[in-house]
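Participant: Below: one structure in structure tokens.
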């Protein structure tokens with residue numbers, strides 16, 4: 004079988020190759036994800052950064068094959084998890100993967116938890132479905148997960164309902180559910196947006212600890228570069244459905260190549276410096292159903308050239324593992 | 007510090023908690039704001055930070071006279087706001103305006119942008135119909151929208167542009183104070199910087215004062231001259247923003263700052279974690295509100311509520327340690 008060879012050769016937990024997810028709407032085809040490729044190793048955290056509507060969440064949903072249909076469809080590419088292509092699997096097979104090999108933490112725990120079931124009940128669900136354990140062992144497992152997520156007095160918490168917990172606690176429960184079947188890959192989609200500053204810091208630290216303990220591969224979807232700086236090893240910056248720059252977190256922060264990445268970093272207010280005005284990107288993010296030909300960032304780009312408006316730039320490698328799609332760098336090579 | 011525009015003196019807002027339908031039994035109070043004092047200078051920005059439920063927004067609503075004071079006074083331009091009535095009150099409402107967090111819910115979807123912006127001016131009643139038109143055109147230009155925006159509806163604009171409309175509405179009645187309640191937290195990163203710069207330019211040009219409420223510490227630090235940190239209805243530290251970030255004194259401020267996200271990957275801050283979580287300010291026990299979570303708690307902290315006192319020039323802290 005082909006997949007066995009791949010498993011040996013790559014060593015990656017996840018490989019996404021040229022993934023394309025389009026939405027077929029009355030207003031035209033929206034290319035929400037348009038040729039996204041990246042890979043992820045064991046124990047590594049990839050930050051998927053970009054503004055709303057840039058396709059970060061759809062990329063993650065495509066990995067899990069949960070793109071809202073019938074408008075949305077994965078039209079091309081490969082998603083290889085441990086050597087298996089997820090896109091060619093049947094729906095039945097996917098159900099055995101979701102929550103077991105790949106799990107996801109969503110933004111708002113109040114939406115992802117069911118208000119009429121107890122915490123214990125909801126945490127036990129994936130364990131019951133994916134693992135053949137006796138009732139007692141399932142409960143033990145749930146308590147173990149609560150302990151892993153540093154929730155005090157799990158014996159009591161297990162019987163409580165989501166409304167009896169604070170936002171931070173709820174999000175930990177969601178984390179516990181996601182990790183209960185020892186997944187290979189954890190996708191965290193803006194997990195701390197609804198949390199307060201101190202709770203956010205605690206939660207991120209906890210995720211990081213658990214990740215190291217379980218040697219998980221993690222995708223952290225966020226629009227906050229501060230979170231990226233805190234938890235990610237590598238970063239992929241998305242703009243209008245494409246990854247415009249990808250590289251090691253330090254490379255991206257200290258030597259950003261793409262004008263969009265530079266602008267994003269420049270527009271952050273910094274704690275340690277006193278600035279009067281911030282660097283801004285003029286204009287608005289583009290409408291995805293009416294993208295300009297050429298580079299989607301061209302209308303807002305300060306370094307725009309004639310070629311940018313006509314043709315999408317090829318990917319150029321700046322340094323080992325650091326690549327960008329921008330004519331500024333493509334031209335230099337040519 | 008220049009002239010003072012707003013002075014809040016020992017401001018309190020308690021929300022009573024009752025049981026029963028006809029015969030109410032008073033169980034206690036939620037002390038949302040409990041003895042808060044601060045001043046906002048003319049043309050300056052005062053930032054309020056704190057976690058959700060600490061009373062930031064209630065403080066703002068008190069200044070907007072959307073809530074009645076339980077105790078204390080708010081002076082605006084030297085006048086006690088609780089004594090305003092009739093035309094004076096009308097004038098006050100025109101001179102204090104607000105911009106809210108979510109521009110998707112703060113603008114009526116059924117009104118044209120021009121009407122939305124004109125509303126506070128019309129209610130103020132000080133300008134003629136022609137004057138209003140000119141005024142709208144003026145503020146629309148000021149916030150960087152096209153003139154024909156007036157004829158459109160809010161749904162035709164993106165989030166950043168809507169926030170510009172909300173700012174234009176706040177500016178229309180020529181206010182002296184604008185309350186900015188999380189003005190950029192619903193916006194995308196690149197748009198955030200645009201709006202922050204716009205607010206800065208407006209302040210430079212018009213000399214309005216801002217009361218900025220935000221939970222993003224970097225945003226508050228960037229925009230405000232003086233910052234106040236709130237915890238469970240109390241101001242625990244008030245100082246110039248720069249100083250606050252360099253030398254936070256209150257244990258809560260220290261913990262809050264240590265939790266702020268780094269601006270680059272090699273910035274390693276030691277995180278100070280306070281045990282436990284924020285409880286509700288329902289019938290709080292006497293003593294310091296942070297007592298049960300504080301790393302430096304002493305017996306005196308459980309008995310006496312520390313007053314906000316000046317420990318060095320312009321640096322106010324409410325803590326028994328200082």
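Protein chains in written order, with my numbering: chain A, 4 to 337; chain B, 7 to 328. Each residue gets a CB set at the ideal place from its N, CA and C atoms; glycine is no exception. Quantities reported herein were computed from a predicted structural model and do not represent experimental measurements.
Rounding to the nearest angstrom, what Cα-Cα distance links residue 90(B) and residue 278(B) in this structure?
Facilitator: Taking the straight line joining both Cα atoms gives about 45 Å.
Participant: Pull out every residue of the region 192-221 of chain B whose Cβ sits closer than 8 Å to any Cβ of chain A, in chain order.
Facilitator: Listed in sequence order: 194, 195, 196, 197, 198, 199, 200, 202, 203, 206, 221.
Participant: Taking just the CA atoms, how far does residue 194(B) sit from residue 180(B)?
Facilitator: Those two C-alpha atoms are separated by around 28 Å.
Participant: With 8 Å as the threshold, decide whether the Cβ of residue 277(B) is near any Cβ in chain A.
Facilitator: So, interface residue.
Participant: Measuring CA to CA, which of 170(A), 91(A), 255(A) is closest to residue 323(A)?
Facilitator: The candidate whose alpha carbon is nearest that of residue 323(A) is 255(A).
Participant: Within 10 angstroms of its Cβ, does residue 111(B) collect 16 or more other Cβ (buried), or is it exposed?
Facilitator: When all chains shown are included, residue 111(B) counts as exposed.
Participant: Of all Cβ atoms in chain A, is any one closer than 8 Å to the Cβ of residue 162(B)?
Facilitator: Closer than 8 Å: no.
Participant: Counting only Cβ-Cβ distances shorter than 9 Å, please list the residues of the region 263-275 of chain B near chain A, keeping chain order.
Facilitator: The region 263-275 of chain B vs chain A, Cβ under 9 Å: 263, 264, 265, 266, 267, 268, 269, 270, 271, 272, 273.
Participant: Measure from the C-beta of residue 149(A) to each C-beta in chain B and report whether the shortest distance is under 8 Å.
Facilitator: Answer no: the Cβ-Cβ gap between residue 149(A) and chain B never drops below 8 Å.
Participant: Please list, in chain order, all residues of the same chain as residue 234(B) whose beta carbon is under 6 Å from its beta carbon, the five residues on each side excluded.
Facilitator: Around residue 234(B): 44, 54, 241, 244.
Participant: Let me see if you follow: with CB-CB separation under 8 Å, is residue 171(A) close to chain B or not?
Facilitator: Yes, residue 171(A) lies at the interface with chain B (some Cβ there is under 8 Å from its Cβ).
Participant: Could you name the residues of the same chain whose beta carbon sits closer than 6 Å to that of residue 280(B), not counting the 5 residues immediately before and after it, in chain order?
Facilitator: The residues are 261, 299.
Participant: Quick one: which residues of the region 165-189 of chain B get their C-beta closer than 9 Å to a C-beta of chain A? List them in chain order.
Facilitator: So the list reads 165, 166, 167, given in the order they occur along the chain.
Participant: For chain A, check one thing: does any of its Cβ atoms lie closer than 8 Å to the Cβ of residue 249(B)?
Facilitator: No, because no Cβ of chain A sits closer than 8 Å to the Cβ of residue 249(B).
Participant: Can you tell me whether residue 306(B) is buried or exposed? The criterion is at least 16 other CB atoms within 10 Å of its CB, across all chains shown.
Facilitator: That one is exposed.
Participant: Which term fits residue 114(A), buried or exposed, when burial requires 16 or more other beta carbons within 10 angstroms of its beta carbon?
Facilitator: Its Cβ having fewer than 16 others within 10 Å, residue 114(A) is exposed.
Participant: Output the boundary residues of the alpha helix (DSSP H) element that contains residue 71(A).
Facilitator: Looking at the DSSP string, residue 71(A) is not in any alpha helix (DSSP H), and its letter there is neither H nor E.
Participant: So, residue 204(B) versus residue 173(B), is the Cβ gap smaller than 8 Å?
Facilitator: Contact flag set, yes.
Participant: Once DSSP output is grouped into helix, strand and coil, what is the label at residue 165(A)?
Facilitator: In this structure, residue 165(A) counts as helix in the three-state DSSP scheme.
Participant: Figure out for me which residue from 189(B), 81(B), 38(B) has the closest Cα to the Cα of residue 13(B).
Facilitator: It is 81(B).
Participant: Taking DSSP as the reference, what is the three-state secondary structure of residue 32(B)?
Facilitator: In this structure, residue 32(B) counts as strand in the three-state DSSP scheme.
Participant: Answer with buried or exposed for residue 37(A), where buried requires no fewer than 16 other C-beta atoms within 10 angstroms of its C-beta.
Facilitator: By the 10 Å Cβ count, residue 37(A) comes out buried.
Participant: For the pair the region 53-67 of chain A and the region 230-242 of chain A, tell me if three or more CB-CB distances fall below 8 Å.
Facilitator: Yes, the region 53-67 of chain A is in contact with the region 230-242 of chain A.
Participant: Please tell me whether residue 284(A) has its Cβ less than 8 Å away from any Cβ of chain B.
Facilitator: For residue 284(A), the answer is yes, since a Cβ of chain B falls inside 8 Å of its Cβ.
Participant: With 8 Å as the threshold, decide whether the Cβ of residue 163(A) is near any Cβ in chain B.
Facilitator: Taking Cβ atoms only, chain B never reaches closer than 8 Å to residue 163(A), which makes this a no.
Participant: Considering just the uninterrupted stretch of the alpha helix (DSSP H) at residue 125(B), what are its terminal residues?
Facilitator: Looking at the DSSP string, the run of the alpha helix (DSSP H) that includes residue 125(B) is 119-130.
Participant: Anything in chain B within Cβ reach of residue 54(A), meaning under 9 Å, just list it in chain order.
Facilitator: Within 9 Å Cβ-Cβ: 194, 195, 196, 197.
Participant: Mind listing the chain A neighbours of residue 224(B)? Cutoff is C-beta to C-beta under 9 Å, in chain order.
Facilitator: Near residue 224(B) (Cβ distances below 9 Å), the residues of chain A are 229, 271, 272, 273, 274.
Participant: Since residue 220(B) contacts residue 283(A) with CB under 8 Å, what's their CB separation in whole angstroms?
Facilitator: Not quite, the Cβ-Cβ distance comes to about 18 Å (not below 8 Å), so this is no contact.
Participant: Starting from residue 247(B), trace the alpha helix (DSSP H) both ways and give me its first and last residue.
Facilitator: Taken as a continuous stretch (DSSP letters only), the alpha helix (DSSP H) holding residue 247(B) covers 247-252.
Participant: Which runs of the beta strand (DSSP E) at least 3 residues long sit entirely within the region 229-283 of chain A? Give them in chain order.
Facilitator: Runs found: 237-242, 245-251.
Participant: If we cut at 8 Å on Cβ distances, does residue 18(B) have a partner in chain A?
Facilitator: Judged by the 8 Å Cβ criterion, residue 18(B) is not in contact with chain A.
Participant: With a threshold of 8 Å between beta-carbons, can residue 261(B) be considered close to chain A, or not?
Facilitator: Answer yes: the Cβ-Cβ gap between residue 261(B) and chain A drops below 8 Å somewhere.
Participant: Can you tell me the Cβ-Cβ gap for residue 110(A) and residue 194(A), rounded? I've got them flagged as a contact below 8 Å.
Facilitator: About 7 Å; that satisfies the 8 Å criterion.
Participant: For residue 22(B), which of 10(B), 37(B), 29(B) has the nearest alpha-carbon?
Facilitator: When only C-alpha atoms are compared, the closest one is 37(B).
Participant: Taking a contact to mean a Cβ-Cβ separation below 8 Å, would you say residue 11(B) touches residue 211(B) in this structure?
Facilitator: Going by C-beta atoms, residue 11(B) is not nearer than 8 Å to residue 211(B).
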